[in-house]
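Student: Heads up: the sequence shown begins at 19 in my numbering, then just goes up one per residue.
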Amino acid sequence: MRIDITNVHLDLGAGRRGTDMGPSAIHVAGLVPRLKACGHEVCSVFPIEVQQAESQEQGDANARFLDSIAHTCTLLADRVEVGVRAGRVPLVLGGDHAQAVGTISGLARFHHSRGERVGVIWVDAHTDMNTPDTSPTGNVHGMPLAALLGHGPSELTGLAGGPPALRPEDVVILGARDVDAGEVGLVKELGVR
Numbered sequence: 019m020r021i022d023i024t025n026v027h028l029d030l031g032a033g034r035r036g037t038d039m040g041p042s043a044i045h046v047a048g049l050v051p052r053l054k055a056c057g058h059e060v061c062s063v064f065p066i067e068v069q070q071a072e073s074q075e076q077g078d079a080n081a082r083f084l085d086s087i088a089h090t091c092t093l094l095a096d097r098v099e100v101g102v103r104a105g106r107v108p109l110v111l112g113g114d115h116a117q118a119v120g121t122i123s124g125l126a127r128f129h130h131s132r133g134e135r136v137g138v139i140w141v142d143a144h145t146d147m148n149t150p151d152t153s154p155t156g157n158v159h160g161m162p163l164a165a166l167l168g169h170g171p172s173e174l175t176g177l178a179g180g181p182p183a184l185r186p187e188d189v190v191i192l193g194a195r196d197v198d199a200g201e202v203g204l205v206k207e208l209g210v211r
């Protein structure tokens with residue numbers, strides 16, 4: 019398998035710092051040598067650096083750091099799409115859950131251009147189906163699945179380049195145990211299972 023690794027040093031979407039160190043920790047643990055030992059070709063290792071929270075304004079309290087997160091997700095979507103078009107498998111390391119918007123939007127661009135749909139099994143304790151109108155915290159890492167389904171800030175919902183990245187009937191959520199009251203309505207309205 020030919021693999022492109024993208025390190026997304028993103029923790030702006032969460033209320034707690036630290037997930038930006040995830041990619042480094044995974045590399046220190048020997049990811050690349052282990053992939054190669056399994057017979058895979060690592061074609062590239064690319065970092066997406068993110069401006070730290072301390073050096074920027076958080077913006078709208080209902081979608082904190084949205085501009086930086088959208089910029090990061092746009093770079094990630096572009097990178098994923100280019101790699102997939104070249105026949106490589108994207109391996110995206112992060113970072114908080116907001117980065118899912120970039121990863122899945124990049125895949126959706128490729129598959130939608132071929133008339134194909136994208137399905138997602140969302141394994142998470144949370145549904146990540148908040149929008150700025152429903153989020154109790156304004157943390158964007160609680161909004162990626164809603165954005166991928168076309169609900170939420172336009173800076174995120176349009177990254178797939180046309181219709182939403184995902185259709186509700188192509189999404190299954192597994193393991194959700196902590197669902198915010200505002201998310202319940204959207205989950206039911208869309209019929210996400």
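Built from N, CA and C at the ideal position, the CB exists for glycine as well.
Buried or exposed: where does Phe182 fall if 16 or more other Cβ atoms within 10 Å of its Cβ makes it buried?
Tutor: Counted from its first residue, the sequence shown places residue 182 at position 164. This sequence places Pro at residue 182; Phe is not what is there. Classification for Pro182: buried.
Student: Entirely within the region 175-209 and at least 3 residues each: give me those beta strand (DSSP E) ranges in chain order.
Tutor: 189-192
Student: Taking the straight line between their C-alpha atoms, what separation do you get for Gly113 and Leu93?
Tutor: Walking along the sequence shown from the start, residue 113 turns up at place 95. Walking along the sequence shown from the start, residue 93 turns up at place 75. Rounded to whole angstroms, Gly113 to Leu93 spans 14 Å at the Cα level.
Student: Just how far apart, CA to CA, sit Leu166 and Val46?
Tutor: Here the question's residue 166 lines up with position 148 in the sequence shown. Here the question's residue 46 lines up with position 28 in the sequence shown. Going by the C-alpha atoms only, they are around 32 Å apart.
Student: Identify whether Leu167 lies in helix, strand or coil by the three-state DSSP scheme.
Tutor: Taking the sequence shown and counting its residues from 1, one reaches residue 167 at position 149. Here Leu167 sits in coil by DSSP.
Student: Note down, one range per segment and in chain order, each alpha helix (DSSP H) of at least 4 residues found wholly within the region 73-123.
Tutor: 84-103
Student: What do you reckon, are the CB atoms on Ala81 and Pro150 nearer than 7 Å?
Tutor: For the purposes of this step, residue 81 is taken as residue 63 along the sequence shown, with counting starting at 1. For the purposes of this step, residue 150 is taken as residue 132 along the sequence shown, with counting starting at 1. Cβ atoms of Ala81 and Pro150: closer than 7 Å.
Student: With the cut-off set at 7 Å, would you say Thr145 and Val190 are in Cβ contact?
Tutor: Translated into positions along the sequence shown, residue 145 becomes position 127. Translated into positions along the sequence shown, residue 190 becomes position 172. Not a contact, by the Cβ cut-off of 7 Å.
Student: Can you name the start and end residues of the alpha helix (DSSP H) that Pro65 belongs to?
Tutor: Within the sequence shown, residue 65 is the residue found at index 47, counting from 1. Careful: Pro65 lies outside any alpha helix (DSSP H), inside the beta strand (DSSP E) at 59-66.
Student: Given that a residue counts as buried once 16 or more other Cβ atoms are within 10 Å of its Cβ, and exposed if not, what is Pro162?
Tutor: The residue given as residue 162 occupies position 144 in the sequence shown. Burial call: buried.
Student: For the region 127-144 and the region 98-108, state whether three or more C-beta atom pairs, one from each stretch, are separated by less than 8 Å.
Tutor: yes
Student: Could you give the DSSP three-state label for Arg20: helix, strand or coil?
Tutor: Locating residue 20 in the sequence shown gives position 2, where the first residue counts as 1. If DSSP states are grouped into helix, strand and coil, Arg20 belongs with the strands.
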